[in-house]
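Chemist: Heads up: the sequence shown begins at 1 in the UniProt record's numbering, then just goes up one per residue. Backbone N, C-alpha and C fix where the C-beta goes; we use that ideal spot for every residue, glycine too. Predicted model only: the values in this text are computed from it and were never measured. One structure is given below, represented as structure tokens, and several questions about it will come after.
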Amino acid sequence: MTTRKNLGTIYSFKRTVLFTLLTVFHLVNSKDYAACDFNNLCHGCKISPLFILDCSKRNISTIPIFPLGVHVVNLKFNEIEIIRNGTFKMLQNLTELDLSFNQLVELESDAFVGLHSLQKLSLQNNTLRYSFLSIPESVFMPLISLEYLNIKFNHKPAEDNLLESDIFDLYVPTLETLEIDVFVPVNSPDSGIFTSNITSLKTLITGICVITELREATFDNFEKLEYIDLSSCPIERYQSNTLQYRNIKYLDLSNTQFLSDDISFFAFMNDIKTCFVDTLVLSNTVTDYDEVFHHFISTLFKYLSNTQIRELRLSYNFLMKIEWRTDEISSDIAKIDLSHTKTEQHAYNHDIPKIEYDVYVNNVGTGVKELDLSYNLITSLAQFTFHQYSSLEKLILSNNEFNEITFDFEHLTDLKLLDLSNNRIKSFSHKSMEILSELMENKNFSLNLENNNLQCTCDTIIFLSWMQQNLLHFVNNNLYKCQFKDGSVVVLNDLNTIITRLERQCLSLTGVIVCTSLGIIITCIIIAIKLVYRNRWIVLYYYYLNKSKNLNTSESTELEEGFVYDAFVAYAEEDMKFVHEDCIQNLETDKNLKLCIHHRDFIPGEEITVNITNAIHRSRKTICIITKSFLESYYCMFEFNMAKTEGFILERREYVNTGVL
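Structure (structure tokens):
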């Protein structure tokens, strides 16, 4: 009778023979294993330099038989429930196995037998329980080369908790990176995440996590730990000495809430000063506009000023303001990430930026090389915002509300990337283009203007031409779009054609504008000349009247109504005898009237036109002796017209009396 044990032996023998035949078949018929002809369930084979099989998303429920020479197998997103004993025992060259996003409920004790070369194993997002029924204690024993293990996002543990055992230290001595769910409540001050040492572990990343407090003993069993990611843990409290004097290079405490507790905050800051942290991540740790966080950034920089932190990530925080003094920033910090900051009432929309620059600080430049202020709804930045950042190489201002560059960046001579993508920029000013041109002399400088409101108009031809000249410095320039005045939008993949089109349109438009302007100017000049000519006597009247105000007439005696003379007598030289013998005799002697006679009363040395205007203005009436000589005399006619103008202006209808001889 054939026993169950014999059947298993026969099955194992047949499986081995099949593996061997498949391998020989591939070695003979294919030099590079380019086609997955051994099983139509898998696809995307590659062999440069590794033999990689991609069997993901194929609805596989039973693991197929693989060629012996395979190095990497991807079985993600399938329906595998159990890994049977000896499934991979012939795959001695396999270095990477991905079984994530399946429906695994059990790993048999010899599931990984034969995988002596396996370095990376991923079992995340399955339905494994953290118990020895799902994960036998010796299941990882064959993995003598395993360096990376990911079993996070699986089911909750049973009473015989996997984390309370020493299986990792006993059976996976080479393990350096572990991604795992942490359900241990760590209620005892003397208990850590694991009860025994994991001597080789350098990286710990949590999946599902219930830890609410970090205590002095939390990491006691991790002697070589350098990389800690607890971003999935709802940590509310932090005790002193938890991380003190640890050689941690990367620390991610995003999504925690202990910073709102003063005791925890200062305990953490004091511990950080003693660590050798290179990268500190505190994203989404401030989740409300609490008064305690009013000066969060400034306080944080102050406490970190004497640390060796090189990179600081503070994205996704709720802050009332973002401000700091450059002399508070550690000279070791090279990268600051303040993206996705949620400021109270969107304060970035105000003209004064939330990065407040203190102009009175000492001239101490920072060592910051990369600054990320993206996704912050910034509309403008103060001119002096980056004056202390002379070492800046990468400035990310993408996904904001900039219409133009308002800040001074002329001194950023080391800048290699200016990212202004996804803003509202239409063009650059001449000054900005000049500064950017100087930066572009460095061949490594790049500018990103993708997804902006670039304009194709007559006003932006210079800007577009400048872009064309420096096109190699623009990131993804083939994706830039430009809007014409009629609202149409084109992709700037052929700038020369667009510029030529605009120049033609604008040239004809310029001709129309110039001709129209000249026509308007000439018309205005003609109208002005006509008006001046028509009212020339009024113009002359006021001109000479203004000059006559400076005449010395202090000796003149005024009559009633402010006049000096009763009448001004206008006559030609040839009629002087008539005026002296008849007019003066009859009007001055007999009628007792005071006459203004130009031979007698004009001021010597003054212009005759000024004397005439002054005399007419100071006389109650003007008497014109009209003769042939009068009509032929320029100055006589000047007197006549000035007298009429005086009467017109003063609305004195009988101002001019004429006598014809």
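(1) DSSP three-state call for residue 562: helix, strand or coil?
(2) Within 10 Å of its beta-carbon, does residue 613 have 16 or more other beta-carbons around it, so buried, or fewer, so exposed?
(3) Could you check whether residue 54 and residue 85 sit closer than 7 angstroms to each other, using their CB atoms as the reference points?
(4) Would you report the Cα separation of residue 75 and residue 103, rounded to the nearest angstrom?
(5) What separation, rounded to the nearest whole angstrom, lies between the Cα atoms of residue 309 and residue 278?
(6) Could you give the DSSP three-state label for residue 606: helix, strand or coil?
(7) Beta-carbon within less than 6 angstroms of residue 372's beta-carbon, same chain only, minus the 5 sequence neighbours each way: which residues are those?
(8) In terms of residues, what are the limits of the alpha helix (DSSP H) holding residue 263?
(9) Let's see if you can read the secondary structure: which residues bound the alpha helix (DSSP H) around residue 445?
(10) How about residue 153 and residue 119: are their beta carbons less than 7 angstroms apart?
(11) Closer than 8 angstroms is the cut-off here; do at least three beta carbon pairs connect the stretch 563 to 577 with the stretch 603 to 621?
(12) Whole angstroms are fine: how far does the CA of residue 598 sit from the CA of residue 639?
(13) Measure from the C-beta of residue 133 to each C-beta in chain C and report whether the shortest distance is under 7 angstroms.
(14) Name, in chain order, the residues that DSSP records as bridge partners for residue 337.
(15) Between the stretch 198 to 208 and the stretch 218 to 231, do at least 3 Cβ pairs fall closer than 8 angstroms?
(16) Applying the 10 Å Cβ sphere with the 16-neighbour rule, what's the burial state of residue 472?
(17) Taking the continuous beta strand (DSSP E) assigned at residue 227, which residues delimit it?
(18) So, using beta-carbon positions, are residue 194 and residue 143 closer together than 7 angstroms?
(19) Could you check how far apart the C-beta atoms of residue 60 and residue 79 are, in whole angstroms? I think they sit under 8 angstroms.
(20) Could you please give the first and the last residue of the uninterrupted alpha helix (DSSP H) stretch that includes residue 632?
(21) Please classify residue 71: does DSSP put it in a helix, a strand, or coil?
(22) Residue 267: buried (16+ other C-beta within 10 angstroms of its C-beta) or exposed?
(23) Contact between the stretch 584 to 600 and the stretch 527 to 538: three or more CB pairs below 8 angstroms?
(24) Distance, Cα to Cα, residue 90 vs residue 226?
(25) Touch check for the stretch 457 to 468 and the stretch 491 to 508: three-plus C-beta pairs under 8 angstroms?
(26) Is residue 179 helix, strand or coil by DSSP?
(27) In whole angstroms, what separates the C-alpha of residue 580 from that of residue 634?
(28) Taking C-alpha atoms, which residue in 367, 146 and 626 lies nearest to residue 122?
(29) State the CB to CB distance for the pair residue 455 and residue 426, rounded to an integer number of angstroms; the pair is presumed to be in contact (CB under 8 angstroms).
(30) Is it the case that the Cβ atoms of residue 447 and residue 474 are separated by a distance below 7 angstroms?
(31) Can you tell me whether residue 345 is buried or exposed, with buried defined as 16 or more other CB within 10 angstroms of its CB?
(32) Indicate the three-state DSSP secondary structure (helix, strand or coil) for residue 43 in the structure shown.
(33) So, for residue 477: in the same chain, excluding its five sequence neighbours on each side, which residues have a beta-carbon less than 6 angstroms away from its beta-carbon?
(34) Locate the beta strand (DSSP E) running through residue 394, then write down its first and last residues.
(35) Among residues of its own chain, excluding the 5 on either side of residue 669, which ones have a beta-carbon nearer than 8 angstroms to its beta-carbon?
(36) Could you tell me which residues DSSP pairs with residue 662 in its beta bridges?
Modeler: Inspection of the coordinates gives the following:
(1) helix
(2) buried
(3) no
(4) 12 angstroms
(5) 4 angstroms
(6) coil
(7) 337, 339 and 396
(8) 262 to 272
(9) That residue, residue 445, is in no alpha helix (DSSP H); it is neither H nor E in DSSP.
(10) no
(11) yes
(12) 11 angstroms
(13) You won't find chain C in this structure, because it holds only one protein chain.
(14) 313 and 372
(15) yes
(16) exposed
(17) 227 to 229
(18) no
(19) 7 angstroms
(20) 628 to 632
(21) coil
(22) buried
(23) no
(24) 35 angstroms
(25) yes
(26) strand
(27) 22 angstroms
(28) 146
(29) 5 angstroms
(30) yes
(31) In this predicted model, residue 345 has a pLDDT of only 41, less than 50, meaning its place in the structure is not dependable; the value taken from the coordinates is given anyway. Exposed.
(32) strand
(33) 471
(34) 394 to 396
(35) Nothing in the structure corresponds to residue 669, since the chain is present only between 1 and 661.
(36) The shown model of the chain, from 1 to 661, leaves out residue 662, and the question about it has no answer.
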